[in-house]
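These notes concern the structure reproduced below.
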Amino acid sequence: MGARAIADLAPSQASPRRLGRDAVLGYLWVTPALLLLGTLVAYPFLLALYWSLTSKTAGVAGTFVGLDNFIYLLGDRIFRKTLGNTAVFTVASVSVKLVIGMIAALVLDQAFRGRNLARGLFLLPWIVPTSLSALAWLWIYDDMFGVISRLGMDLGVLRTPIPFLADSLLAMLAIIVVNVWRGVSFFAISFLAGMQSIAGELYEAAAIDGAGAGRRFWHITLPGLRAVMAVATLFSVIWTFSDFTIVHVVTRGGPANSTHLLATLAYQTAIIGGKVGEGLAVSSFMFPFLLVIIFLQLHFLRRSED
Amino acid sequence: MRWPRRALLLFLAVVTSCLVWSPVGDAQQPRLGITISSWFIPAANDLLKEMAADWAKQKGVTVDFEFISDTDLVAKFTTAAETGAGPDVLQVASLHPHLYPTKLVDVTDVVTQLESRHGGIVQIAKDAAVVNGRWRAVPFYATPQVLNYREDVLKELGEQPPDTWEDALRIGKKVKARSMFWGEALGHCPVDCITTTYSILWAYGAKEVEKDGKTIALNSPETVKALEFIKRAADEAWPPGVLGWDNSSNNRAFLGGQLAMTINAATIWYAAKRQAPAVFPHINHALIPRGPAGRAAAFWPSSLAVMEHSKQKELAKDLVRYLTDGPQLSRWLEKTEGAGASLLKGLAEKSRDPKLQVIPKAVEWGRLPGWPGPPTREAAEVHAKYLLVDMAQNAVKGMPIPKAVEQAVAEMKRIYGQQ
Numbered sequence: 000m001g002a003r004a005i006a007d008l009a010p011s012q013a014s015p016r017r018l019g020r021d022a023v024l025g026y027l028w029v030t031p032a033l034l035l036l037g038t039l040v041a042y043p044f045l046l047a048l049y050w051s052l053t054s055k056t057a058g059v060a061g062t063f064v065g066l067d068n069f070i071y072l073l074g075d076r077i078f079r080k081t082l083g084n085t086a087v088f089t090v091a092s093v094s095v096k097l098v099i100g101m102i103a104a105l106v107l108d109q110a111f112r113g114r115n116l117a118r119g120l121f122l123l124p125w126i127v128p129t130s131l132s133a134l135a136w137l138w139i140y141d142d143m144f145g146v147i148s149r150l151g152m153d154l155g156v157l158r159t160p161i162p163f164l165a166d167s168l169l170a171m172l173a174i175i176v177v178n179v180w181r182g183v184s185f186f187a188i189s190f191l192a193g194m195q196s197i198a199g200e201l202y203e204a205a206a207i208d209g210a211g212a213g214r215r216f217w218h219i220t221l222p223g224l225r226a227v228m229a230v231a232t233l234f235s236v237i238w239t240f241s242d243f244t245i246v247h248v249v250t251r252g253g254p255a256n257s258t259h260l261l262a263t264l265a266y267q268t269a270i271i272g273g274k275v276g277e278g279l280a281v282s283s284f285m286f287p288f289l290l291v292i293i294f295l296q297l298h299f300l301r302r303s304e305d
Numbered sequence: 000m001r002w003p004r005r006a007l008l009l010f011l012a013v014v015t016s017c018l019v020w021s022p023v024g025d026a027q028q029p030r031l032g033i034t035i036s037s038w039f040i041p042a043a044n045d046l047l048k049e050m051a052a053d054w055a056k057q058k059g060v061t062v063d064f065e066f067i068s069d070t071d072l073v074a075k076f077t078t079a080a081e082t083g084a085g086p087d088v089l090q091v092a093s094l095h096p097h098l099y100p101t102k103l104v105d106v107t108d109v110v111t112q113l114e115s116r117h118g119g120i121v122q123i124a125k126d127a128a129v130v131n132g133r134w135r136a137v138p139f140y141a142t143p144q145v146l147n148y149r150e151d152v153l154k155e156l157g158e159q160p161p162d163t164w165e166d167a168l169r170i171g172k173k174v175k176a177r178s179m180f181w182g183e184a185l186g187h188c189p190v191d192c193i194t195t196t197y198s199i200l201w202a203y204g205a206k207e208v209e210k211d212g213k214t215i216a217l218n219s220p221e222t223v224k225a226l227e228f229i230k231r232a233a234d235e236a237w238p239p240g241v242l243g244w245d246n247s248s249n250n251r252a253f254l255g256g257q258l259a260m261t262i263n264a265a266t267i268w269y270a271a272k273r274q275a276p277a278v279f280p281h282i283n284h285a286l287i288p289r290g291p292a293g294r295a296a297a298f299w300p301s302s303l304a305v306m307e308h309s310k311q312k313e314l315a316k317d318l319v320r321y322l323t324d325g326p327q328l329s330r331w332l333e334k335t336e337g338a339g340a341s342l343l344k345g346l347a348e349k350s351r352d353p354k355l356q357v358i359p360k361a362v363e364w365g366r367l368p369g370w371p372g373p374p375t376r377e378a379a380e381v382h383a384k385y386l387l388v389d390m391a392q393n394a395v396k397g398m399p400i401p402k403a404v405e406q407a408v409a410e411m412k413r414i415y416g417q418q
């Protein structure tokens with residue numbers, strides 16, 4: 000396709016007749032994408048929503064039961080505990096990632112030897128497949144062999160190993176740490192990119208006016224990063240809220256369900272327990288919440304585009 | 000004018016070629032898919048593939064082998080049952096024949112032949128695969144859970160391997176004083192953690208349900224006694240992290256010389272032979288300890304099922320018949336270096352290391368979740384949701400035992416629809 004063809008397609012130059020023909024072609028071009036979205040996203044999603052309203056078990060159709068699964072779940076102790084766990088996990092992980100991500104971005108924004116290498120290395124946790132890094136963390140937390148317990152005991156700091164995965168609070172902390180370790184680079188790199196777009200003159204003017212580093216950060220950097228922060232946080236909330244791999248590998252929801260998240264409980268119920276309808280109802284509980292997040296995200300994206 | 004038409008033609012050409020394209024293969028030769036859990040001894044997997052290839056050659060068939068982790072078998076089966084697609088032959092290591100009997104081909108004829116040739120089949124294999132009097136999977140092998148112990152440590156302490164759970168605790172305390180441990184997995188893990196909880200409950204006479212499989216019987220003095228024992232063991236003998244242990248934690252700790260006793264399949268033996276030469280000569284095996292109500296161990300026998308969605312059911316059945324038959328099974332069991340045991344009562348064994356003599360005997364103590372009731376969907380759900388493991392965990396974490404039992408019973412009632 001040459002330059003002439005591109006010009007032909009430009010709407011401002013096309014005649015109404017040509018526009019009609021190209022519009023058909025336009026629809027044709029987006030058809031594969033629409034088909035893909037329809038078959039791989041919309042259809043399974045709608046089917047899942049429908050099945051969450053049925054008594055379906057694996058391989059058996061089941062009957063329509065209305066909201067029975069949802070009512071059952073709301074009365075279920077494990078499910079209610081899971082909702083609480085998911086909220087704690089999401090809020091704690093995202094808050095810590097936000098703060099550490101900001102500090103890391105401020106450091107990586109300074110000029111120092113090996114800065115590019117440091118920036119590259121900082122991305123590593125984000126690049127490594129989650130299941131692999133989760134396995135490595137599982138080893139770190141191991142009470143008999145874990146590097147922390149072992150080192151502490153060999154150095155005489157600890158008398159007994161720390162049972163990271165056996166204590167409800169420690170296990171929750173353990174999975175939050177893995178999530179933070181993995182997700183903090185996303186925040187740092189997003190913030191770093193945002194910082195590059197803040198005009199240097201603003202800092203120079205503020206410095207001339209006598210503003211210290213703290214005030215420059217508060218009055219220039221933070222407002223300049225507002226949109227980036229909002230979008231990064233919302234993305235992270237979605238990923239953290241629906242996290243599966245870390246819990247699946249490290250704790251499998253234990254001890255006594257104190258680290259189950261909605262995604263892992265849904266898997267346990269639908270795939271291992273075979274109760275497909277109930278399991279899908281568990282995961283459907285995520286939907287209204289994620290819908291609000293996506294709405295907010297689009298809103299911020301549009302505003303930052305303006 | 001020319002460009003859109005040309006583009007359209009190109010587009011249509013691409014779409015058409017996508018539609019008519021199909022995977023390259025020998026159209027004449029039927030293909031059979033078989034999914035099996037990967038044995039931790041590579042030579043055993045290789046032999047299975049080799050035997051299937053021999054069979055395939057005779058029949059003019061291509062066999063596609065897929066080895067997956069045993070913890071993924073349940074997910075694989077659920078997906079295959081749901082979608083009606085996937086392998087023709089699947090290894091079953093759960094209550095699946097009871098949950099979805101209509102998804103599995105009736106293989107009673109194959110099993111009847113096996114029985115007549117090899118003198119009967121052990122009870123646990125029947126419990127697992129017979130639904131309404133019909134076999135829905137062919138018994139393959141079992142990896143019974145036994146006590147793995149360190150002979151040298153016990154000798155030093157002047158002890159014999161424990162016969163009862165109380166003996167185990169008494170020895171466990173002595174072992175702990177020597178800076179080693181007796182340790183049992185009690186986390187959310189699908190095999191060892193279930194064995195720990197269910198076996199101790201049964202040994203003390205506790206049961207989820209009565210023989211009818213419906214009447215919930217968990218709230219009993221026996222359950223309280225079993226939980227009291229688990230709590231004492233956790234407080235006085237087991238390492239502090241057992242609530243976070245998975246299937247492999249005790250294997251690693253044993254190989255690392257930190258455990259002197261643990262319930263496990265005899266798989267540590269093989270790993271020690273290669274990775275832990277200092278530990279290996281001292282490993283021995285004994286039956287799982289018993290309690291006041293007797294001896295029982297929770298584990299699954301492995302069976303091979305032919306999926307109803309298979310387009311070549313007869314061929315698939317023939318493959319299963321071939322792999323599970325005496326001569327092939329004997330060859331394969333030999334490659335498992337003692338960890339695997341036959342479910343056929345009369346299958347003669349060529350040789351077995353003296354330290355592994357207990358493995359075939361241990362098969363008869365195997366019980367399935369739900370016992371003494373039949374394996375039901377509800378029992379499978381209680382198992383999948385770790386309800387009884389959670390009950391034990393709560394007791395260990397300090398929840399008053401009656402409350403931990405009450406909580407488990409409340410959840411069981413919801414599952415059994417008795418609210």
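Sequence lines, in order, name chains A and R. The opening position of the first sequence corresponds to residue 0 in numbering that gives the first Met the number 0, with each subsequent residue numbered one higher. The opening position of the second sequence corresponds to residue 0 in numbering that gives the first Met the number 0, with each subsequent residue numbered one higher. Beta carbons are placed, not taken as given, at the ideal position from N, Cα and C, and that holds for glycine. Note that this is a predicted model, so its numbers are computed, not measured.
At a Cβ-Cβ threshold of 8 Å, Pro160 of chain A and Leu242 of chain R do not count as neighbours. Close CB contacts of Thr220 of chain A within its chain, under the 7 Å cut and outside five residues either way in sequence, are with Met194 and Ile197 (chain order).
Chain A places a beta carbon closer than 8 Å to that of Leu242 of chain R, counting this residue as a contact.
Residue contact with chain R for Thr220 of chain A: absent (no Cβ-Cβ distance below 8 Å to any residue of chain R). For the 8 Å CB-CB criterion, Phe243 of chain A and Ala269 of chain A do not form a contact. Relative to Glu336 of chain R, the option among R:Gly290, R:Glu165, R:Ile267 and R:Gln392 whose CA is nearest is R:Ile267. In this structure, DSSP gives Leu123 of chain A a helical state, which the three-state scheme calls helix. Burial state of Arg181 of chain A is buried, judged by a 10 Å Cβ sphere holding 16 or more other Cβ atoms. When DSSP assignments are scanned along the stretch 39-83 of chain R, the uninterrupted stretches of alpha helix (DSSP H) that are 4 or more residues long and fall wholly within it turn out to be 41-58 and 72-82. In the three-state reduction of the DSSP assignment, Phe111 of chain A falls in the coil class, being assigned neither a helical nor a strand state.
Shown here, Val88 of chain R sits in a strand according to DSSP, grouped into three states. One finds Val73, Ala74, Thr77 and Thr78 in chain R with Cβ atoms closer than 8 Å to the Cβ of Ile270 of chain A, taken in chain order.
For Pro239 of chain R, at least one C-beta of chain A is nearer than 8 Å to its own C-beta. Between Ala198 of chain A and chain R, the shortest Cβ-Cβ separation is not below 8 Å. Within chain R, no C-beta atom comes less than 8 Å from the C-beta of Asp242 of chain A; the nearest is roughly 17 Å away.
Restricting attention to A:Tyr71, A:Ile174, A:Gly58 and A:Phe216, the CA atom closest to the CA of Thr239 of chain A is found in A:Ile174. For the stretch 89-110 of chain R, the beta-carbon criterion of a distance under 7 Å to any beta-carbon of chain A is satisfied by Leu98, Tyr99 and Lys102.
The beta carbon of Val73 of chain R sits closer than 6 Å to the beta carbons of Ser93 from its chain, once the five residues preceding and following it are set aside; these are given in chain order. With fewer than 16 other Cβ atoms inside 10 Å of its own Cβ, Gln356 of chain R counts as exposed. By the 16-neighbour rule on beta-carbons within 10 angstroms, Trp217 of chain A is exposed. Taking the CA atoms as reference points, Val64 of chain A sits about 9 Å from Ser51 of chain A. Residue state for Asn218 of chain R is assigned as coil, using DSSP reduced to three classes. Proximity of Phe10 of chain R to chain A, defined by a Cβ-Cβ separation below 8 Å, is satisfied. Nearest C-alpha to Tyr148 of chain R among R:Gly397, R:Ile262, R:Ile400 and R:Gly416: R:Ile262. Taking the beta carbon of Gly369 of chain R as reference, no residue of chain A falls within 7 Å; the closest one sits roughly 14 Å away. Check the Cα spacing between Lys58 of chain R and each of R:Ser16, R:Gln311 and R:Ala391: the tightest is with R:Gln311. At a cut-off of 8 Å between C-beta atoms, Arg76 of chain A counts as an interface residue with respect to chain R. Under the three-state reduction of DSSP output, Arg294 of chain R falls in the coil class, being neither helix nor strand.
One finds nothing in chain A with a Cβ atom closer than 7 Å to the Cβ of Asn250 of chain R; even the nearest lies about 11 Å away.
Counting only runs of at least 4 residues, the stretch 325-393 of chain R fully encloses the following alpha helix (DSSP H) elements, listed from N- to C-terminal order: 325-334, 357-361 and 376-383. Here the alpha carbon of Tyr415 of chain R sits roughly 6 Å from the alpha carbon of Glu377 of chain R.
Beyond the five residues adjoining it in sequence on each side, Gly369 of chain R comes within less than 7 Å, by CB distance, of Glu207, Val208, Gly212, Thr375 and Ala378 in the same chain, given in chain order. Trp237 of chain R is a Cβ neighbour of Glu183 of chain R, given a cutoff of 8 Å.
Residue pairing by DSSP places Met260 of chain R opposite R:Tyr148 and R:Trp181 in a beta bridge. Judged by their CB atoms, Ser350 of chain R and Ala141 of chain R are not nearer to each other than the 8 Å cut-off. Phe180 of chain R has its alpha-carbon roughly 39 Å from the corresponding atom of Lys96 of chain A.
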